[in-house]
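Student: Numbering (full-length UniProt numbering), first residue to last: 1 to 393.
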Ligand SMILES: Cc1cc2nc3c(=O)[nH]c(=O)nc-3n(C[C@H](O)[C@H](O)[C@H](O)COP(=O)(O)OP(=O)(O)OC[C@H]3O[C@@H](n4cnc5c(N)ncnc54)[C@H](O)[C@@H]3O)c2cc1C
Ligand code: SF4
Ligand code: SF4
Ligand code: SF4
């Protein structure tokens with residue numbers, strides 16, 4: 001039995017491993033640090049179910065003609081500040097728990113591994129806020145969700161489009177009590193890169209990490225920063241131009257092979273809600289952008305529309321034209337990212353040197369990047385960065 005033939009054909013969603021009644025499939029790390037299904041031929045009885053649930057082989061997009069698009073922001077200012085864009089996730093997740101439901105989102109474990117977790121405790125929801133630009137470990141999340149659904153619980157799942165598609169395929173129609181949010185996504189770097197990054201940051205700052213954010217708004221929404229607070233009181237923040245992890249992510253050198261041939265690129269998704277960054281708030285609404293962050297929201301289903309109707313008081317929002325939003329800010333909804341020409345080499349000699357040496361070798365951060373970031377930081381410290389951004393428009 002073979003489920004996929006090339007790595008481009010496996011997004012690592014775990015649907016196959018979760019469905020196998022013989023426990024014949026284990027998700028195993030490859031040399032780049034991404035998980036792929038490995039079949040134990042001794043246990044496999046060739047039933048073919050794993051291939052049937054694979055969302056890459058069976059990508060079914062449900063056509064829903066009443067899709068609606070909004071630009072949204074949570075009314076909770078602290079939540080907007082702590083979230084990546086307009087903080088769409090927290091209010092809807094709190095509402096689910098108030099209804100007696102469970103929420104599944106992405107957080108860090110105590111070693112800073114990026115994982116999917118299930119909770120029905122409101123106080124744990126804040127850990128799910130904010131994008132973590134690393135492939136999350138789903139482990140046995142799908143089978144736990146199935147158990148909850150089988151006992152008539154409501155579940156809200158959030159993840160990448162391929163994770164949502166994999167979950168829906170795995171459930172094979174048992175999804176009346178499931179609501180899904182997907183984030184528009186151009187790729188997921190490997191957990192191995194992430195481990196190397198945090199290990200080097202700990203060494204450089206001689207401390208453990210207390211708190212970390214991939215897209216902090218310390219310098220405003222339009223100048224996102226990796227921000228780290230260390231236990232020894234030291235503070236680090238750098239933009240995507242000069243932070244090692246972010247430059248690998250945005251430089252398109254570190255994502256999973258399937259991300260460069262993504263089968264989930266379509267404005268129609270199988271989720272109920274699709275969210276993505278809103279960079280063009282002013283162009284779309286004609287109003288001033290206060291640089292605090294807004295989220296593009298596409299409501300993808302009847303169920304999604306009914307739910308949004310019930311909780312829209314939690315958000316400031318304007319209805320928007322779907323096509324205009326996608327054209328201005330959402331190219332990654334429809335197109336796969338183009339890989340860096342040295343993508344394969346990047347992971348091939350990854351273990352032979354430090355990440356800083358590696359980033360230098362592949363020219364991911366240039367002297368010009370350092371100079372631009374240094375100027376931005378000076379403007380920020382002089383409290384005139386916002387003024388400069390307004391001048392630039
Ligand atoms: C890997 C990745 C790539 C992305 N790429 C793009 C892009 O190219 N263009 C774009 O416009 N937007 C992209 N996004 C989405 C963007 O970063 C924001 O999530 C979006 O603007 C919504 O912000 P928010 O404040 O409303 O969300 P928040 O309220 O901050 O909620 C974040 C949500 O993302 C989920 N999440 C966090 N990390 C992960 C992860 N590793 N895997 C799966 N789910 C996760 C959380 O569970 C939560 O539901 C990406 C997100 C991720 C996770
Ligand atoms: S063919 Fe059936 S038994 Fe074999 S790995 Fe796939 S699901 Fe498991
Ligand atoms: S895409 Fe998902 S279901 Fe398909 S082979 Fe990969 S892990 Fe299995
Ligand atoms: S780009 Fe496609 S394959 Fe990669 S994580 Fe996103 S949805 Fe999955």
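Backbone N, C-alpha and C fix where the C-beta goes; we use that ideal spot for every residue, glycine too.
Go ahead and pull the three-state DSSP assignment for residue 329.
Tutor: Correct three-state label for residue 329: helix.
Student: Excluding five sequence neighbours on each side, which residues of the same chain lie with their C-beta closer than 8 Å to the C-beta of residue 106?
Tutor: Taken in chain order, the residues that qualify are 114, 115, 116, 117, 128, 132, 136, 158, 159.
Student: Taking the C-alpha atoms as reference points, what is the distance between residue 394 and residue 152?
Tutor: Missing from the structure shown is residue 394; the chain here goes from 1 to 393 and no further.
Student: Identify every residue that forms a DSSP beta bridge with residue 273.
Tutor: BP columns for residue 273 point to 181, 299.
Student: Do residue 284 and residue 322 have their CB atoms nearer than 8 Å?
Tutor: Their beta carbons are not under 8 Å apart, which means residue 284 does not touch residue 322 by this criterion.
Student: What are the boundary residues of the beta strand (DSSP E) that includes residue 46?
Tutor: Here residue 46 belongs to no beta strand (DSSP E), and DSSP marks it neither H nor E.
Student: Taking buried to mean at least 16 other C-beta atoms within 10 Å of its own C-beta, is residue 357 buried or exposed?
Tutor: Classification of residue 357: exposed, given that the 10 Å Cβ count is below 16.
Student: Report the option in 33, 55, 26 whose CA atom is closest to the CA atom of residue 41.
Tutor: Ranking the options by Cα distance to residue 41, first place goes to 26.
Student: Leaving out the 5 sequence neighbours to the left and right, which residues in its chain are closer than 7 Å to residue 225 when beta-carbon positions are compared?
Tutor: Within the same chain, residue 225 has close Cβ partners 216, 218, 219, 237, 238, 239.
Student: Okay, do the region 95-106 and the region 77-84 touch, 3+ Cβ pairs below 8 Å being the bar?
Tutor: Touching, no, given that fewer than three Cβ pairs across the two stretches are closer than 8 Å.
Student: Smallest Cα separation from residue 300: which of 7, 148, 161, 206?
Tutor: Ranking the options by Cα distance to residue 300, first place goes to 161.
Student: From 206, 361, 170, pick the residue whose C-alpha is nearest to that of residue 56; which is it?
Tutor: Closest option to residue 56, Cα to Cα, is 170.
Student: So residue 283 is in the beta strand (DSSP E); what residue range does that whole segment cover?
Tutor: That residue, residue 283, is in no beta strand (DSSP E); its alpha helix (DSSP H) goes 281-285.
Student: Please report the straight-line C-alpha distance between residue 388 and residue 379, rounded to a whole angstrom.
Tutor: Cα to Cα, the separation comes out at about 8 Å.
Student: Grab me the residues of residue 282's own chain with a C-beta within less than 6 Å of its C-beta, minus the 5 sequence neighbours each way, in chain order.
Tutor: For residue 282, where only same-chain residues beyond five positions count, the Cβ hits under 6 Å are 289.
Student: How far does the beta strand (DSSP E) with residue 74 in it extend, from its first residue to its last?
Tutor: That run of the beta strand (DSSP E) goes 68-74.
Student: Would you identify the three-state DSSP class for residue 170, choosing helix, strand or coil?
Tutor: Helix, per DSSP.
Student: Where do the ends of the beta strand (DSSP E) carrying residue 257 lie?
Tutor: Taken as a continuous stretch (DSSP letters only), residue 257 belongs to no beta strand (DSSP E), as it is neither H nor E.
Student: Rounding to the nearest angstrom, what Cα-Cα distance links residue 371 and residue 244 in this structure?
Tutor: If you take the alpha carbons of residue 371 and residue 244, they lie about 16 Å apart.
Student: For residue 111, tell me which candidate among 269, 250, 211 has the shortest Cα-Cα distance.
Tutor: Per the Cα distances, 211.
Student: Once you ignore the five residues that flank residue 394 on each side, which residues in its own chain have a CB closer than 6 Å to its CB?
Tutor: Because the chain spans 1 through 393 in this model, residue 394 falls outside it and cannot be assessed.
Student: Starting from the C-beta of residue 163, find all residues in its chain whose C-beta is less than 6 Å away, skip the five residues before and the five after it, and write them out in chain order.
Tutor: The residues are 13.
Student: Output the distance between the C-alpha atoms of residue 20 and residue 144, rounded to the nearest integer angstrom.
Tutor: Those two C-alpha atoms are separated by around 14 Å.
Student: Is there a Cβ from chain D that is less than 8 Å from the Cβ of residue 338?
Tutor: No chain D appears in this structure, which consists of one protein chain only.
Student: According to DSSP, which residues form a beta bridge with residue 39?
Tutor: In the DSSP output, where bridge partners are listed per residue, residue 39 has 25.
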